[in-house]
Every structure is written in C-alpha cells, then in structure tokens.
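Notes for the one structure printed next.
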Amino acid sequence: MNQASPPALRIGLGYDTHRIGPARPFLLGGVEIPWDRGLIGHSDADVLLHAITDALLGAASLGDIGRMYPDTDPENKDRDSGEMLAEAMRRVRAAGWEIVNLDCVVRAQQPKISPHAAAICARIAEILAISVDSVGIKGKTGEHVGPVGRQEAIEARCVALLYRS
Ligand SMILES: [Zn+2]
76 MNQASPPALR
86 IGLGYDTHRI
96 GPARPFLLGG
106 VEIPWDRGLI
116 GHSDADVLLH
126 AITDALLGAA
136 SLGDIGRMYP
146 DTDPENKDRD
156 SGEMLAEAMR
166 RVRAAGWEIV
176 NLDCVVRAQQ
186 PKISPHAAAI
196 CARIAEILAI
206 SVDSVGIKGK
216 TGEHVGPVGR
226 QEAIEARCVA
236 LLYRS
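Have a look at this one:
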C-alpha cells in the first residue's frame with residue numbers, strides 16, 4: 076500500500092457499557108424496550124447506538140463519540156443518541172465513506188434482546204439511511220457471571236465496514 080492508492084475499505088470497532096439503574100425509558104438501537112429498570116448515562120444511555128457511532132467514527136478516522144459530544148457539556152444531557160449517530164454518519168459520508176455493513180452484539184442478562192432485534196435493525200437502517208440487510212444484531216446473555224451476568228451493566232459491541240464512495 077502506498078500514499079497514492081489508499082485502501083478502498085476501512086473497518087471500525089465500537090464498544091460501550093452502561094450501568095443498570097432505576098427505571099428510565101430503556102432505549103436500545105433507537106427502540107424503546109419495556110423494562111422495569113434503565114441504563115445510567117449522561118445522554119439517553121443508548122448503549123448500542125453509542126457503540127455503532129464509535130465504530131463508524133473509528134473506521135473513518137474521525138475520532139470518537141466522547142470527542143464529538145463531551146459528557147461534561149450540559150448540552151449533551153439526555154441527548155438523543157439517534158441524533159448523535161446521524162451526525163456521525165453525516166461526517167463519515169462527508170469524508171467520502173459509505174457503509175458496507177454493521178454487525179453488533181448486545182450483552183444483557185435482562186431483558187431479552189432477540190424479540191426486538193428486527194425492530195432495532197430497521198430503526199438503525201433508518202437513522203443511517205442504509206439497507207436493513209446491512210445491519211446485524213445479536214443478543215447474548217452474560218451467563219450469570221461478570222457485570223453483565225450479575226445485571227450490573229449492559230454492553231454493546233459493533234464492527235463496521237466502510238467502502239470509499
Ligand atoms: Zn454510552
């Protein structure tokens with residue numbers, strides 16, 4: 076590889092964790108899921124959209140969500156993570172990249188993610204203006220061990236592949 080012919084593909088990895096707390100609207104991938112608890116966070120605490128945002132920004136070498144939206148900024152309190160993801164995607168496209176696909180894993184002991192996976196894929200595809208078959212979501216439990224298994228936290232991971240548009 077040389078400077079004159081940069082690679083036409085880029086991969087990005089995003090990872091996020093939020094602590095479980097008292098009841099609060101539980102947003103996952105932009106979809107509200109019924110639950111008697113919620114996630115703690117400065118924004119709306121959508122752990123999956125945060126992981127996707129970081130994967131896309133990372134793949135395009137555009138930094139990360141914390142740099143875009145510092146949690147010290149009161150403007151970002153309860154901020155809509157869908158809006159943050161849409162803005163990240165706007166920057167990714169402006170830098171000349173388009174999405175091949177995303178694949179995501181959500182680790183939650185409770186609630187069950189799989190019944191909501193199709194709705195979450197559809198919402199993410201809508202936010203990003205991509206085809207729904209470019210988005211994969213898998214739900215996993217924590218097997219009753221670690222912070223996820225003890226229901227202290229929910230985690231999300233995402234890999235994103237971009238091509239030069
Ligand atoms: Zn987060």
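Going from the sequence shown to the numbering used here is simple: count from 1 and add 75.
All residues carry an ideal CB built from backbone N, CA and C; glycine is no exception.
All values reported here derive from a predicted model rather than from experimental measurement.
Distance from the CA atom of Asp-121 to the CA atom of Ala-83, rounded to whole angstroms, is 31 Å. Gly-171 has its alpha-carbon roughly 10 Å from the corresponding atom of Leu-237. With contacts defined as CB atoms closer than 8 Å, Gly-87 and Ala-204 fail to qualify as a contacting pair. With a cutoff of 7 Å, Val-122 counts as near ligand 1, since its C-beta is closer than that to a heavy atom of the ligand. Just so you know, the alpha carbons of Val-106 and Gln-185 end up roughly 16 Å apart. Apart from sequence neighbours up to five positions away, the residues of its chain that approach Ala-228 with a beta-carbon distance below 8 Å are Thr-92, His-93, Arg-94, Ile-95 and Pro-222, ordered along the chain. Here the C-alpha atom of Ala-197 lies approximately 6 Å from the C-alpha atom of Val-207. Residues whose Cβ lies closer than 5 Å to any heavy atom of ligand 1, listed in chain order: Asp-91 and His-125. Remark: C-beta atoms of Ile-140 and Thr-128 approach each other more closely than 8 Å. Rounded to whole angstroms, Leu-132 and Arg-225 show a C-alpha spacing of 31 Å.
CA-CA distance, Arg-182 to Ile-199, rounds to 18 Å. By the Cβ neighbour-count rule, Gly-157 is buried, with 16 or more other Cβ atoms within 10 Å of its own. Taking the Cα of Leu-103 as reference, the smallest distance to any Cα among Ala-193, Arg-142, Arg-168 and Met-143 is reached at Ala-193.
By the CB criterion at 8 Å, Ala-98 and Gly-113 fall inside the cutoff.
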